[in-house]
Amino acid sequence: MKQIWRIILLCLGLYFCGNAAANNEFELPNFSLIAKQADWFFYGIVTNEDGEHYNYVFQFQRDKHKFHTIAVLMSEQLNKPLLYEEGSAYIDDPDRMHWKIGATFLQFNAINNSWVFGVKTKDGKGFNFKVDMLRLSNSNDKFLAKHKDLYTGLKLLIGHTGRLNGHLKLDKDSPEEFVIANQSWLRQIWIDKMLHIHKFTQPVQAVLCDFNNGSGFYAVHVQESRALQGAVAGWLDRSGNNVPMSQFVTVNHQHDGIWRIHIPVPKSSFSLKDIAVKKDSQLILGPIDGNNPGFCSISQYHLPIV
């Protein structure tokens with residue numbers, strides 16, 4: 001009888017541990033939803049039915065009741081912004097999973113574990129994208145996001161999502177275009193409400209680059225001596241496999257207006273010129289040329305982020 005009870009208790013323990021692990025995997029990408037101070041950054045390339053490519057950036061920031069958004073859509077062929085929308089708002093009682101700031105919107109669907117984000121201007125231009133988050137929450141997937149404590153109470157989650165699909169509209173008189181992508185980059189930086197974060201004034205610098213061959217890399221740097229892990233970086237090849245990479249990526253703004261990115265391992269250097277509409281923005285965007293052409297974004301901001 002004792003042996004039977006041992007087996008029953010063991011089975012129950014395995015059942016509850018398995019469920020707890022599954023729940024943790026599911027909830028991992030969504031911890032930022034409960035944070036009062038957070039930054040969500042979606043970035044990537046979509047393709048329409050004619051094979052044309054568009055780069056997009058969607059950044060949504062929250063500092064308690066203050067919200068700030070940037071939405072950008074660019075033509076890969078023309079290397080210029082087709083749409084740039086920036087907005088701010090103060091919301092007394094914000095929803096936890098659905099926000100609308102000016103022409104931009106961001107929503108998390110807990111039922112199917114997906115994000116919906118986009119922008120719709122007064123003249124009808126904009127985009128509406130849905131990204132699947134199952135890839136980030138599956139621990140057996142090689143695309144599992146990197147989850148780090150950058151600082152006491154400052155969290156980072158970054159990686160590739162699952163598939164993206166949606167629509168974009170470039171002109172009020174033109175029809176909507178259906179677009180798809182195999183994945184989107186998603187970077188989340190937030191302050192954990194359960195931990196006390198010490199005041200610091202140094203900026204957070206974040207880089208995301210997508211190359212035309214399907215590979216890409218990210219780098220996040222907290223310029224603070226007390227940071228738990230001040231630099232985090234990763235490189236994925238076109239198949240999504242991790243490539244060994246130095247964690248120390250340097251970004252410099254030259255006198256000629258060119259931004260230069262240098263990686264010690266694998267030894268790489270990239271140069272880009274900011275093509276964003278708003279020159280005083282915290283977001284720098286531009287194409288990169290050379291042996292590995294693509295597109296890069298550089299974000300620089302302090303926390304609190306607004």
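The numbering of the sequence shown is this note's numbering, which starts it at 1 and goes up by one. All C-beta atoms in this analysis are idealised placements derived from N, C-alpha and C, irrespective of residue type, glycine included.
Assuming residue i and residue j make a contact with CB atoms under 8 Å, what is their CB distance in whole Å?
i, j, result
"L283", "V57", "7 Å"
"D39", "I189", "5 Å"
"W185", "Y43", "4 Å"
"G162", "D132", "3 Å"
"L154", "I191", "6 Å"
"V251", "I263", "No, V251 and I263 are not in contact; Cβ-Cβ is about 10 Å, not under 8 Å."
"C209", "I288", "7 Å"
"V204", "I298", "With 8 Å as the limit, V204 and I298 do not qualify as a contact, their Cβ atoms being about 11 Å apart."
Please state the DSSP three-state secondary structure of residue i.
i, result
"K267", "coil"
"I111", "coil"
"I34", "helix"
"L170", "coil"
"S281", "coil"
"F295", "strand"
"W5", "Any answer about W5 is weak, because its pLDDT of 45 lies below 50 and its placement is not dependable; what the coordinates show is given next. If DSSP states are grouped into helix, strand and coil, W5 belongs with the helices."
"N24", "With a pLDDT of only 39 at N24, under the threshold of 50, the placement of this residue in the model should not be trusted; the figure read from the coordinates follows. In this structure, N24 counts as helix in the three-state DSSP scheme."
"L10", "Reliability of the predicted coordinates at L10 is poor, the pLDDT of 42 falling under 50, and the value obtained from them is presented with this limitation in mind. Correct three-state label for L10: helix."
"F239", "The question names Phe, but residue 239 in the sequence shown is Ser. S239 falls in the coil class under three-state DSSP."
"Q77", "coil"
"G153", "coil"
"Q247", "coil"
"P203", "coil"
"E49", "coil"
"K125", "coil"
"G290", "coil"
"E177", "strand"
Can you tell me which residues form a DSSP beta bridge with residue i?
i, result
"N252", "R260"
"D63", "Q37 and K66"
"G44", "Y56"
"G159", "L186"
"D210", "G216 and F295"
"H302", "Bridge partners of H302: none, in fact."
"K273", "I258"
"D132", "S114"
"G234", "Y218"
Say yes only if the C-beta of residue i is nearer than 6 Å to one or more non-hydrogen atoms of the ligand ZN, and no if none qualify.
i, result
"Q183", "The model on display carries no ligand, and the ligand ZN is accordingly not part of it."
Do the region 83–103 and the region 211–223 meet, that is, are 3 or more Cβ pairs less than 8 Å apart?
-> no
Hey, which unbroken runs of the beta strand (DSSP E) at 3 residues or more fall wholly within the region 81–107?
-> 98–101
How about the region 236–248 and the region 72–80: do they share at least three Cβ pairs that are nearer than 8 Å?
-> no
Between the region 59–71 and the region 91–99, do three or more beta carbon pairs fall short of 8 Å?
-> yes
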